[in-house]
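J.:
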Amino acid sequence: MPNKKQIYDRDKVAIGLAIFVALISFPFWFNMGKASPAPEIKLSDKAKAAKQCIAPTAYMRAEHMAILDLWRDTVVRDAKRVYSTNDGLTFNMSLSTGENSCMGCHVTKADFCDKCHNYASVRPYCWDCHIAPKENK
Amino acid sequence: MMENSRRRFIKIAGITAAGFGLKPVTDVLASGGAPKKASPIGDTSAGNKALTAKRWAMIIDVKKMAHEETIHQCVEACHKLHNIPKLDNKRHEIKWIWEEEFKHAFPGQHHEHMSEEIQHAPFLVLCNHCENPPCVRACPTKATFQREDGIVLMDFHRCIGCRFCMAACPYGSRSFNFRDPRPFIEEVQEKFPTRMKGVVEKCNFCAERLAEGKQPACVEASNGALIFGDLNDENSDVRKVLKSNYVIRRKPGLGTGPQVYYMV
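Protein chains in written order, with my numbering: chain D, 130 to 266; chain R, 50 to 313.
1. Using the Cβ count rule (16 or more neighbours within 10 Å means buried), how would you classify R299/R?
2. When DSSP labels each residue in this structure, what does I297/R get in the three-state scheme?
3. What residues from chain D crowd round F205/R, counting only those whose CB sits closer than 8 Å?
4. Can you tell me the Cβ-Cβ gap for G302/R and A99/R, rounded? I've got them flagged as a contact below 8 Å.
5. Can you tell me whether DSSP reads M107/R as helix, strand or coil?
6. Which chain D residues are close to R258/R, counting only those with a beta carbon under 9 Å from its beta carbon?
7. Note down, in chain order, each residue of its chain lying with its Cβ closer than 8 Å to the Cβ of K266/D, except the 5 sequence neighbours on either side.
8. Does T12/R get closer than 9 Å to chain D when you measure Cβ to Cβ?
9. Can you list, in chain order, the residues of its chain whose CB lies under 7 Å from that of D286/R, leaving out five sequence neighbours each side?
10. Between the region 178-202 of chain R and chain D, which residues of the former have CB atoms less than 9 Å from a CB of the latter, in chain order?
11. Rounded to whole angstroms, what is the Cα-Cα separation between E142/R and P134/R?
12. Hey, would you say Q122/R sits closer than 9 Å to A270/R, going by beta carbons?
13. Considering only C-alpha positions, which residue in the set E235/R, G210/R, F233/R and D229/R is nearest to L223/R?
14. By DSSP's criteria, D279/R is part of a beta bridge. Which residues make up the other side?
15. If you follow the alpha helix (DSSP H) that Y248/D is in, where does it begin and where does it stop?
16. Just to confirm my understanding: we take P168/D, look at its own chain, exclude 5 residues before and 5 after, and list those with CB closer than 7 Å. What are they?
17. Any Cβ of chain R within less than 9 Å of the Cβ of R201/D?
18. Does DSSP put D92/R in a helix, in a strand, or in coil?
19. In its own chain, which residues sit with a C-beta less than 6 Å from the C-beta of A274/R, not counting the 5 before and 5 after it?
20. Answer yes or no: does any C-beta atom of chain R fall closer than 9 Å to that of S106/D?
21. What are the residues that DSSP puts in a beta bridge with I146/R?
22. Should K240/R be flagged as near chain D, meaning a C-beta pair shorter than 9 Å?
23. Under 9 Å between C-beta atoms, does L71/R make it to chain D?
24. Considering only residues of the same chain and omitting the five flanking positions on each side of P262/D, which have a CB-CB separation below 6 Å?
25. Within the chosen definition, does the region 187-199 of chain R reach the region 94-108 of chain R through at least 3 CB pairs nearer than 8 Å?
26. For F254/R, tell me which candidate among V296/R, G247/R, V174/R and A67/R has the shortest Cα-Cα distance.
27. Which word fits F225/R, buried or exposed, when buried means at least 16 other C-beta atoms lie within 10 angstroms of its C-beta?
28. Taking C-beta pairs closer than 9 Å, name the residues in chain R that T186/D reaches, listed in chain order.
29. Comparing the C-beta of V249/R with each C-beta of chain D, is any distance below 9 Å?
30. If you count every other CB in all the chains shown that lies within 10 Å of the CB of F172/R, and 16 or more means buried, which is it?
31. Helix, strand or coil for F155/R? Go by DSSP, reduced to three states.
32. Based on DSSP bridge pairs, tell me the residues matched to V309/R.
33. Do C255/D and L197/D come within 9 Å of each other at the CB atom, strictly closer than that value?
34. L202/R lies in the beta strand (DSSP E); which residues open and close that run?
What follows is the structure, encoded as structure tokens:
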């Protein structure tokens, strides 16, 4: 009695499977060891001197987009433009207008914003309208 | 009998499962969506420099405006400050404040024996910041809204460029960015954002300047031909002028309640 569990065309199937696995895993082995390191944010001198942004660094790193979103609604809808921390510091709730705004301290967009955004492949559309401060080259 | 009870069992089981599945959904709906995360510290305020009012309004003294110079200064001051592009094609033109003849600014109110002076006087027109703004009702995304102080403002972030507001506005106060405006801005002001292709824009009564305690740019440039103030404050300049002068408004019959008054 022949073995019932025999595979027909076993060799062809095996070759086909091998090719299939190789192809589907192509992105993994092709990029192996090529992962680019996480970018280091370059803080401006002013930002370094200030030690802390409007909130602890870890919070800013995780939530800055939520803060910006909340701020833009607060500014445009409620006309509240001044943010004060519990330490008595006040900030201009604005991305790019003047000394006391985000870009007033983080003066270089390329070093501060773009580095991480490019790495993470996020493309926020802030700069379609807002004007980044001119960078000193 | 057996057949019947199985049917019933499956029905009840089905309804129960659906009930359990619905619970989380109704919970979320009942709570009004996920709450927005607030900042961990700090507080927001309008700041102590900001000019505030119950109802902002503007009066245009047409006689004082009769100098071409003054009108140009007003228009220039506004358009420069707000990064308004200069597009030569009339159909792409962007304007927040501009000059119009009487018959166009006040259609239906002009007649053939009108004084030359009025007929050809330059009327400054801009968004009327209506009491009852039709653009706000037309906007499907609430990008255009009315502030508590009466200013009809746009949230450019939310504008999807449907142009319903332009169709709704009886004064033609709104312009649409058919092209990317950036290359056509002569002198970019870093303090004010530009717009992008595909959004509508209009006069904002200089909300960003009021927040800093300054009068609107056109008022500042007008040599006293424009008066700006709080309509709800009896002692304000606008109220004093309104008390002692005859003023007209644009298309009052439409019921929009314009807040820009013309002293003829």
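C-beta atoms are modelled at their ideal positions from N, C-alpha and C, and glycine is treated no differently.
T.: Put simply:
1. buried
2. strand
3. C258
4. In fact, because the Cβ distance is near 35 Å, the residues do not count as touching under 8 Å.
5. Assignment of M107/R by DSSP, reduced to helix, strand and coil, places it in the strand class.
6. By Cβ distance, chain D contributes nothing, its closest Cβ being about 12 Å from R258/R, past 9 Å.
7. Low per-residue confidence applies at K266/D: pLDDT is 41, beneath 50, and the placement is therefore not dependable, though the value from the model is reported in the following sentence. Excluding residues within five positions, none has a Cβ falling inside 8 Å.
8. In the structure as shown, chain R starts at 50 and stops at 313, and residue 12/R therefore has no counterpart that could be examined.
9. I276 and G278
10. F194, R196, E197, D198, I200 and L202
11. 8 Å
12. For the pair Q122/R and A270/R, the CB atoms are nearer than the 9 Å cut-off.
13. A small fix is needed here, since residue 223/R is Arg in this sequence, not Leu. It is G210/R.
14. Paired residues: W105/R.
15. K244 to Y248
16. K244, C245 and Y248
17. yes
18. strand
19. D110, K113, M114 and T119
20. Since the first residue of chain D shown is 130 and the last is 266, residue 106/D is not available in this structure.
21. Paired residue(s): L175/R.
22. yes
23. Taking 9 Å as the threshold, the shortest C-beta distance from L71/R to chain D does not fall below it.
24. M232 and V236
25. Yes, they touch.
26. Closest in alpha carbon position to F254/R, among V296/R, G247/R, V174/R and A67/R, is V174/R.
27. buried
28. Residues of chain R whose Cβ lies closer than 9 Å to the Cβ of T186/D do not exist; the shortest such Cβ separation is about 12 Å.
29. no
30. buried
31. coil
32. M107/R
33. yes
34. V201 to M203
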